[in-house]
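Have a look at the structure below before the remarks.
Residue numbers (our numbering): -10 to 98.
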C-alpha cells in the first residue's frame, strides 16, 4: 500500500508518486495506491483537511489525544506555529475513516 498527500502543504509527494507510477509497466502495478489522502488540504495548500484537522493526528491509536497540536514549520512566514486540531474523536474525519476501511479491507502486509 502506497500513500501520498497526507499533508496538503507537502504536495510534492503526490506529484512524485504520480510520476513514479507512470514509469511502471502495467505488470508491475500490483499495489494499492492512494495518490492523495488529503484532497482538500492539497487543494487549499494546507497541512490540515478542510475541517482544520491534522489527519496524522486523527488515526485511532492508543496515544490519541483530543485537542490541538502545533505544527512548527520552517519558513520565512511570520506565523511559524500553526495550531491544528486532532479531531472530535479518533477516526472522526472522512479521510481517516476511508483509509482505515481500506486498510481493514485489503489488510496490507
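Note that CB positions come from ideal geometry on N, CA and C, so glycine has one too.
If you compare the alpha carbons of 55, 38 and 33 with that of residue 83, the shortest gap goes to 38.
A residue is called buried once 16 or more other Cβ atoms fall within 10 Å of its Cβ, and residue -7 is buried on that count. For residue 25, same chain residues with a beta-carbon under 8 Å away, outside a window of 5 residues either side, are -7, -6, 3 and 31 in chain order.
Looking at the DSSP output, residue 58 bridges to 73.
Residue burial is scored here from C-beta neighbours: residue 88 has at least 16 other C-beta atoms within 10 angstroms and is therefore classed as buried.
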